[in-house]
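Chemist: What follows is a structure written as structure tokens; I'll ask about it next.
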Amino acid sequence: MSAGRADRLARVKAVLDQKRQLAEWNQARCRREEAEREALSVELLQTLGDQSMMQGLFLEAKANAIRRNDAELAAARLATERATALAREAGATQKRVERAEGRARVEETSAKERASLLDILDDHLAAQAMRRL
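FYI, in the working numbering the residues of the sequence shown are 683 to 815.
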């Protein structure tokens with residue numbers, strides 16, 4: 683039964699590894715999006731400093747773009763925080779399963795050794811009983 687448990691835990695560990703990788707990829711994607719939003723925010727703010735005769739005509743549009751980008755930046759930061767938490771949680775779960783698999787493997791080995799020793803003991807006791815007869 684232990685061998686089955688260890689094998690099942692190994693399969694669960696493989697699935698959790700894939701889940702962790704997906705969480706890390708999602709985290710990296712969120713970080714890239716956040717960086718892009720921050721760069722856009724800097725770019726929009728720099729365009730406000732440019733002096734031109736037409737600046738007044740586009741000031742409201744730029745202000746709207748800055749507000750929209752700030753909202754998207756806040757959402758990107760929140761998504762990054764969530765993705766980081768999920769990646770951390772997936773890694774911790776994977777580590778717990780790895781430890782459980784290791785314990786199951788040790789129990790499996792111990793059970794096999796115990797059975798082998800009991801067989802040897804039975805053979806020895808049977809041989810002694812045969813000698814006494």
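Every residue, glycine too, gets a C-beta built ideally from N, C-alpha and C.
With three or more beta-carbon pairs closer than 8 Å as the criterion, would you say the stretch 701–711 touches the stretch 766–773?
Modeler: Verdict: yes, contact present.
Chemist: I think Arg719 touches Glu754, with their Cβ atoms under 8 Å apart; what is that distance to the nearest whole Å?
Modeler: With 8 Å as the limit, Arg719 and Glu754 qualify as a contact, their Cβ atoms being about 6 Å apart.
Chemist: Would you check whether the ligand NAD has a heavy atom nearer than 7 Å to the C-beta of Ala696?
Modeler: Of ligands this structure carries none, so the ligand NAD is not represented either.
Chemist: Taking the alpha-carbon positions, what's the Arg711 to Asp752 distance?
Modeler: When rounded, the distance between both Cα atoms is 18 Å.
Chemist: Could you tell me which of Asp689, Ala705, Arg781 sits nearest to Arg764, measuring between CA atoms?
Modeler: Checking every option, the nearest Cα to that of Arg764 belongs to Ala705.
Chemist: Would you say Glu783 and Lys695 are within 8 Å of each other, going by their C-beta atoms?
Modeler: Yes.
Chemist: On the CB-based measure, 16 or more other CB atoms within 10 Å of its CB, does Val724 come out buried or exposed?
Modeler: Under this definition Val724 is an exposed residue.
Chemist: Just to check my reading of the structure: Lys744 and Leu768 have Cβ atoms closer than 8 Å, yes? What is that Cβ distance to the nearest angstrom?
Modeler: Lys744 to Leu768, Cβ: 36 Å. No contact.
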